[in-house]
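Working notes, beginning with the structure itself.
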Amino acid sequence: MDPFIAGTLALGLLALLASVLLLAGFRFERFVGTRYLRRGSWSRAVRIGPFVALGVTLADFLVMLAARHHSRTAETVAVIIALVALLATILLVLLRFFSVFTTVSTVGVMLGVASLVVVLSVTSGFAREFQDKVQAVNAHLMVTAYGLERDVEEAAREARKVRAVLEGFPGLVRTSRFSFTAGEVMIGKIGANLKGVDVAEGVPELRRALVAGSVDDLGRPATCPGMDAAAPEELVGRLVLGADLARKLHKAVGDCVQVLVPFSGVIESTPSAYTFRVVGMTSFGFQEYDAHLGFIPLEDAERLGNARQSIFGVELRFSDAMLALRMEEEVENRLGPDRRIINWKTLNKNLFTALAMQKLIISLLLVLIIVVAAFNILASLMLVVLSKVREVAILAAMGARRGSLLRVFLVAGSIVGFVGTGLGIVFGLSLCGLAALYGYPLDPKVYLIAELPVEISAHEILLVAGATQIISLLATLYPARRASRQQVVDGLKYV
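In the numbering used here, the protein residues as written are 4 to 498.
Structure (structure tokens):
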């Protein structure tokens, strides 16, 4: 965890603990502070409104479930009405217990917290989806020699050495050879990359992504109709295409396609051409892979490597992706300086860095909502201080000390912060749950994935709750100090 985030989380937890002790430890101050925030009387709408709004929320949730997979329009309308009804339920419940000013302050905190919960959950969902997609194609760690390997036999010997050195390495689950074209090749008329896989290792990630054909056919001889009878069968390669790439090429399982390798020889020579038979199609749910990547067995990758430089190496898969990052240095120490280690995060550094920066910037902007809500807390408490001058003076005259008066308003501000934070988390989690059930569609050409992802993280929710409580407590300091320093004589003039 980032040190800044860890520090903020620790401070936030301390603020939460301090608020809990404040609310639990001072009975008199809690009683007085709660009385200052409480609503005087209930109207009929406030009495029955929460039950009506809650009924509408539950009814629309049931309508959404009933319309799921049947009518997208009805499902969308039900989701919108359910969210509005849930917000109305919370607002009316607050009005049952709090004054209008206190309710406004609490709702401000709630909306800020809910916004942060939703944004953090969605950005974490994007990070998780991208991580899963990346790791479905690329291993946790990749070991290659410096430079590009032309000698296939040398690459195979290097792979055997790596396996021997790392045998029994902690957390290491599987090693397998791989290759990757050092630049785009032309599959039909479309530029793409080809990854060579070791079929003997079983390629379980490729099997899970397969939507047509068979991975086992990558290890079987292939033929194409209409070829010269004198051509040996082994010259027909075997190819698994991404689903979007196959659609662009208008190819299905069993069809044959030409693969051209540009710049394979001297400048005057024509590109090398190879015939491949499509034996399967994959869908990783990631536009970049589904539209620009194909898989071939290592035997065919070696033929392409003889025509054009390719990267050959060994993939290392661990029991956990984060464990792989922690063990990278130890792997590098064992293998020595003549081999290059690339982890899954470094391989896609720009993508994950952009996601992290986006998450940070949006979160900082949304914290401003909580800061604005904190000013509402400050304003409402100042109104209480100014309107309760007589009551505060009477308490002081009866023996209440400055520390006790200070705690009265600290308790009042803590209550607003606690209630707003709790309701914000509930409302934010409800939004996340509805978003996950609804399955908001995205344009994969823009967002690279087809559906809005949601990933709820407990430590992020704690971070939001703690940071909100810190801001709420800071907002109560000035009104509390103002009330505790009020002169008894000034207040008793109005008795």
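All residues carry an ideal CB built from backbone N, CA and C; glycine is no exception. Fair warning: this is a prediction, and the values are worked out from it, not measured in the lab.
- Judged by DSSP in its simplified three-state form, Val206 adopts coil rather than helix or strand.
- Bounds of the beta strand (DSSP E) holding Arg180 are Leu175 to Thr184.
- Inside the region 325-393, DSSP marks whole beta strand (DSSP E) runs of 3 or more residues at positions 342-346, from first to last along the chain.
- Using a Cβ-Cβ distance cut-off of 8 Å, the region 443-451 and the region 339-348 are not in contact, since fewer than three pairs of beta carbons, one from each stretch, lie closer than that value.
- Counting along the chain, Pro447 sits inside the alpha helix (DSSP H) bounded by residues Pro447 to Tyr450.
- Within a 10 Å sphere around the beta-carbon of Phe378 sit fewer than 16 other beta-carbons, which makes this residue exposed.
- Around Ile93, the same chain offers Leu426 as residues with beta carbons nearer than 6 Å, after the five sequence neighbours per side are excluded.
- Between Gly199 and the set Val317, Ile373 and Val422, the nearest pair of CA atoms involves Val317.
- Bounds of any alpha helix (DSSP H) do not take in Cys259; it lies within the beta strand (DSSP E) bounded by Cys259 to Val264.
- For Val107, there is no enclosing beta strand (DSSP E); the enclosing alpha helix (DSSP H) covers residues Val103 to Val140.
- Assigned with DSSP and collapsed to three states, Ala195 falls in strand.
- Around the beta-carbon of Gly58, fewer than 16 other beta-carbon atoms lie within 10 Å, marking it exposed.
- Beta-carbon to beta-carbon, Leu221 and Gly297 are separated by about 11 Å, too far to satisfy the 8 Å threshold.
- Counting of Cβ neighbours within 10 angstroms places Ala486 among the buried residues, the total reaching 16 or more.
- Under the three-state reduction of DSSP, Phe289 is assigned to coil, being neither helix nor strand.
- Assignment of Pro482 by DSSP, reduced to helix, strand and coil, places it in the helix class.
- Taking C-alpha positions only, Arg320 is separated from Val206 by approximately 12 Å.
- Within its own chain, no residue has a Cβ closer than 6 Å to the Cβ of Glu332 once the five positions on either side in sequence are excluded.
- Sorting Ser102, Gln134, Phe104 and Ala117 by C-alpha distance to the C-alpha of Met325 places Gln134 at the top.
- CA-CA distance, Leu238 to Thr278, rounds to 7 Å.
- Taking one beta carbon from each stretch, the region 105-114 and the region 406-425 have 3 or more pairs nearer than 8 Å; the two touch.
- Inclusion of Ala478 and Phe412 in the CB contact set at 8 Å is not warranted, their separation being larger than that value.
- In the three-state reduction of the DSSP assignment, Glu170 falls in the coil class, being assigned neither a helical nor a strand state.
- Ile459 sits in coil when the DSSP states are folded into three classes, being neither helix nor strand.
- Apart from sequence neighbours up to five positions away, the residues of its chain that approach Arg166 with a beta-carbon distance below 8 Å are Thr178 and Val317, ordered along the chain.
- The straight-line gap separating the alpha-carbon atoms of Val218 and Glu291 is approximately 21 Å.
- Rounded to the nearest angstrom, the Cβ distance from Gly416 to Leu476 is 7 Å, consistent with a contact under 8 Å.
- In this structure, the CA atom of Asn351 is about 43 Å from the CA atom of Ser108.
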